[in-house]
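Visitor: Just so you know, we're using this note's numbering here: the sequence shown kicks off at 42 and counts up by one. This structure is in structure tokens; I'll ask about it shortly.
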Amino acid sequence: MQIDVDVSGRKVVVFGSPSAARRAVTRFVQSGARVTLVLPGAVPPAEQRQDGVRYASQPAGDDTSALLRLVGPAWSVVVVDVDPAVRDRLVELCGRLRVLVQRESPAPTEGQVVLVGGGPGDPGLLTVEACRALGEADVVFFDRLAPTAALAQLAPGAELVDVGKSPYHHPVTQRSIEELMIARAQAGQSVVRLKGGDPFVFGRGGEELLACLAAGVDVRVVPGVSSALAVPAASGIPVTHRGVSHAVTVISGHVPPRAAELDALVRLGGTIVVLMGIATLEQIVAGLCAAGMDASVPAAVVERGYSPSQRSTFTTVGRLPAEVRRLDLRSPAVVVIGEVVTVATSAPGAIDLEAADPFADVEEAPRR
Ligand code: SAH
Numbered sequence: 042m043q044i045d046v047d048v049s050g051r052k053v054v055v056f057g058s059p060s061a062a063r064r065a066v067t068r069f070v071q072s073g074a075r076v077t078l079v080l081p082g083a084v085p086p087a088e089q090r091q092d093g094v095r096y097a098s099q100p101a102g103d104d105t106s107a108l109l110r111l112v113g114p115a116w117s118v119v120v121v122d123v124d125p126a127v128r129d130r131l132v133e134l135c136g137r138l139r140v141l142v143q144r145e146s147p148a149p150t151e152g153q154v155v156l157v158g159g160g161p162g163d164p165g166l167l168t169v170e171a172c173r174a175l176g177e178a179d180v181v182f183f184d185r186l187a188p189t190a191a192l193a194q195l196a197p198g199a200e201l202v203d204v205g206k207s208p209y210h211h212p213v214t215q216r217s218i219e220e221l222m223i224a225r226a227q228a229g230q231s232v233v234r235l236k237g238g239d240p241f242v243f244g245r246g247g248e249e250l251l252a253c254l255a256a257g258v259d260v261r262v263v264p265g266v267s268s269a270l271a272v273p274a275a276s277g278i279p280v281t282h283r284g285v286s287h288a289v290t291v292i293s294g295h296v297p298p299r300a301a302e303l304d305a306l307v308r309l310g311g312t313i314v315v316l317m318g319i320a321t322l323e324q325i326v327a328g329l330c331a332a333g334m335d336a337s338v339p340a341a342v343v344e345r346g347y348s349p350s351q352r353s354t355f356t357t358v359g360r361l362p363a364e365v366r367r368l369d370l371r372s373p374a375v376v377v378i379g380e381v382v383t384v385a386t387s388a389p390g391a392i393d394l395e396a397a398d399p400f401a402d403v404e405e406a407p408r409r
């Protein structure tokens, strides 16, 4: 069961220290609630207060009338860290006043960085652990290919910072991203670095991990569903298939592989998956064919996998460059080269590549 409540304009009273209660406070402020933070000690000076939050000092647990004044007309009281006697008094009072009481664990005081793989874009392909890390984040630095659509709901208490990279265009440099993450963690915040796919598959996650370790910042990795394996699947292509291919090699086309590498790939056989390969596909295909790959080997390009505008193009390796130009195939796209492509095209109800139509080898595959 899920209950959605519009809290805009409603009074929410949070009990806890500013540090422990920061997530609850930010989440309710961002949802438009009128938030009062009730502190165990003195109200902080104006320059340390958060915009949109009223502050009050916690009355003694037995001072019922003071507690009543605080929680009286509230919609909800959120208990983060108060001593048990005050908490019990609050629960009793709220019960009588029919005010909703929510309990929430204190936010950690030690900063940390979590490198989270967001999968290929569909929020449904985020892992449970990724959702948990997002739910606990103070700040999320996200990339262009991360699942951004549901971010505000998944990280309701977090500041969301777009450090998005598109091919050959990095608005925030890698070094600055690392510095930003480290600075926030050193200030005590829970930082999520949300990336598309898996952070360690052409995601520069390794560099970010090393940067955090070098700075002495607590860091961990939440793996994600990589587009290298999942995007072919979106179009019905298994990257390995019994009796067809028992090896899969994932390569980056960002810088086209060297002739010796392409030569080794052709000798290895199996499936080749190319990420970031649209711009350099012509060179890659020329290299593969020069190394002895038959131009008739099946190939597919899956653009924008798992999005409503997903498009799959089925062809042969020899025709790939021409099809990229003719159909204006664009990044983000995964290119699959190998006999496994025929598993998708020969499945019952799939496209007939042998049909007489001259463009029969180029079809929009049904979404599966
Ligand atoms: N770490 C990511 C890959 C980053 S490189 C992962 O594990 O998936 C970026 C490339 O990934 C894109 O150029 C494209 O080739 C591929 N890609 C990522 N998401 C994609 C998607 N939804 N559809 C098609 N290709 C995608």
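Every residue gets a Cβ at the ideal spot worked out from N, C-alpha and C, and that includes glycine. No experiment lies behind these values; they were computed from the predicted model shown.
Inspect the beta-carbon positions of V262 and P240 and report whether they are closer than 8 Å.
Guide: yes
Visitor: Could you pull the start and end residues of the alpha helix (DSSP H) that G247 belongs to?
Guide: If you look at G247, you'll find it in the alpha helix (DSSP H) that goes G246 to A255.
Visitor: Can you give me the C-alpha to C-alpha distance between E395 and G158, rounded to a whole angstrom?
Guide: For E395, the predicted model reports a pLDDT of 47, less than 50, meaning its position is unreliable; a value from the coordinates is still stated below. Cα-Cα distance, rounded: 39 Å.
Visitor: Where does T67 sit, in a helix, a strand or coil, going by DSSP?
Guide: helix
Visitor: Report the three-state DSSP secondary structure of P298 (helix, strand or coil).
Guide: Correct three-state label for P298: coil.
Visitor: Between the Cα of S146 and those of V154, V121 and G152, spot the shortest distance and give me the residue it belongs to.
Guide: V121
Visitor: Taking 8 Å as the threshold (C-beta atoms), are Q215 and R185 in contact?
Guide: no
Visitor: With C-beta atoms as the reference, is A385 less than 8 Å away from G277?
Guide: For the pair A385 and G277, the CB atoms are nearer than the 8 Å cut-off.
Visitor: I need the straight-line Cα distance from I378 to E344, nearest angstrom please.
Guide: 15 Å
Visitor: With C-beta atoms as the reference, is A256 less than 8 Å away from I218?
Guide: No.
Visitor: If I'm right that A271 touches P339 with Cβ under 8 Å, what's the distance once you round it to whole angstroms?
Guide: No, A271 and P339 are not in contact; Cβ-Cβ is about 20 Å, not under 8 Å.
Visitor: Going by the beta-carbon positions, is the gap between V285 and V314 smaller than 8 Å?
Guide: Taking 8 Å as the Cβ cut-off, V285 and V314 do not qualify as a contacting pair.
Visitor: Inspect the beta-carbon positions of V55 and L78 and report whether they are closer than 8 Å.
Guide: yes
Visitor: In whole angstroms, give me the CA-to-CA distance for S293 and L316.
Guide: As the crow flies, the alpha-carbon of S293 is around 5 Å from that of L316.
Visitor: Please state whether DSSP places D203 in a helix, a strand or coil.
Guide: strand
Visitor: Tell me the DSSP secondary structure of L167 in three-state form.
Guide: coil
Visitor: Short of 6 Å in beta carbon distance, which residues of its chain neighbour A320, apart from the five on each side in sequence? Order them along the chain.
Guide: none
Visitor: Do A269 and the ligand SAH come close, with the Cβ less than 7 Å from some heavy atom?
Guide: yes
Visitor: Distance check for V155 and A228, CA to CA, integer angstroms please.
Guide: 15 Å
Visitor: Within 10 angstroms of the Cβ of G82, are there 16 or more other Cβ atoms? Answer buried if so, exposed if not.
Guide: Counting the other CB atoms within 10 Å of its CB gives G82 a total below 16, which places it among the exposed residues.
Visitor: Can you check DSSP and say which residues form a bridge with L78?
Guide: Checking the DSSP bridge columns, you'll see L78 partnered with V55 and Y96.
Visitor: How close, in whole Å, do the beta carbons of V266 and L250 come, if the pair is a contact with beta carbons under 8 Å?
Guide: Not really, about 19 Å apart at Cβ, beyond 8 Å.
Visitor: Over what stretch of residues does the beta strand (DSSP E) that includes R144 continue unbroken?
Guide: L141 to R144
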